[in-house]
Amino acid sequence: WNGWACFIVSISVIGLLTAVIGDLASHFGCTVGLKDSVTAVVFVALGTSVPDTFASKVAAIQDQYADASIGNVTGSNAVNVFLGIGVAWSIAAIYHYTKGQEFRVDPGTLAFSVTLFTIFAFICIAVLIYRRRPSIGGELGGPRIPKILTTSLFFSLWFTYIVFSSLEAYCHIPGF
127 WNGWACFIVS ISVIGLLTAV IGDLASHFGC TVGLKDSVTA VVFVALGTSV
177 PDTFASKVAA IQDQYADASI GNVTGSNAVN VFLGIGVAWS IAAIYHYTKG
227 QEFRVDPGTL AFSVTLFTIF AFICIAVLIY RRRPSIGGEL GGPRIPKILT
277 TSLFFSLWFT YIVFSSLEAY CHIPGF
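Counting from 127, one number per residue, gives the positions in the sequence shown under the working numbering.
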């Protein structure tokens, strides 16, 4: 089978785990009383990113310079956003068109969250470009202290993103 059986089983398990995490997050958000946008930012995004994290770790271990793991992170996020949202919205738009209805999507807090995400993504890219210098040791390599500082920065950006997106969703800070 040349690895196809392993591939099919792996994709099936990843899909199953992602669905379970998504459903658990939805039920948890409903039980606790979280808004859908907060549940999506925290739990659903985490559920779709955990499998990608393991794939990136494997790619980083197998690649001499870990470039494959950086490409995997950006590629998987692009696929999640463009295919995950694009395909669903395209199917919904076609469905509503065939019924003679207008397809509308309530943007909610999307503009604020996307702007904040873009700013933080540029910060992460700038840090990765800076870390690429040979004296530092590469994006994922090098001395222990720069690795810990970079990891701390990235986790603090993620936490800040969740806090600001949640505050905006609950109208504690003004959005766009």
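The beta-carbon is built from N, C-alpha and C at its ideal position, and this holds for glycine as well.
Note that the coordinates shown come from a computational prediction; the quantities given were computed from them, not determined experimentally.
A Cβ-Cβ distance of about 5 angstroms is found for the pair I262 and G268, placing them in contact under the 8 angstroms criterion.
Between G301 and F246, the C-beta spacing is not below 8 angstroms.
DSSP, read as helix, strand or coil, puts T235 in coil. P272 places its beta carbon less than 8 angstroms from that of R257. If you look at P272, you'll find it in the alpha helix (DSSP H) that goes 270–295. If you draw a straight line from the Cα of Q227 to the Cα of N203, it comes to about 31 angstroms.
When V164, G201, G234, S163 are compared, the shortest CA-CA separation from T179 is found for G201. Your pair A185 and N198 checks out as a contact, with CB atoms roughly 5 angstroms apart and the cut at 8 angstroms. For N203, the three-state secondary structure derived from DSSP is helix. The C-beta separation of S163 from G234 comes to about 6 angstroms, placing the pair in contact by the 8 angstroms criterion. Counting C-beta pairs with one atom in each stretch, the segment 167–174 and the segment 283–302 have three or more that are closer than 8 angstroms, which means they touch. Looking only at V205, F133, N206, F229, the smallest Cα-Cα distance to W215 is reached by F229. Judged by their CB atoms, K161 and Y296 are nearer to each other than the 8 angstroms cut-off.
Within the same chain, L293 come within 6 angstroms of I299 by CB-CB distance, once the 5 residues on both sides are set aside.
Cβ-Cβ distances below 7 angstroms link H222 to E228, F229 in the same chain, with the five nearest sequence neighbours on each side left out; the list follows chain order.
Nearest to G148 by C-alpha distance, out of I220, G129, P177, I134, is P177.
Boundaries of the alpha helix (DSSP H) harbouring G141: 130–158, taken from the DSSP string.
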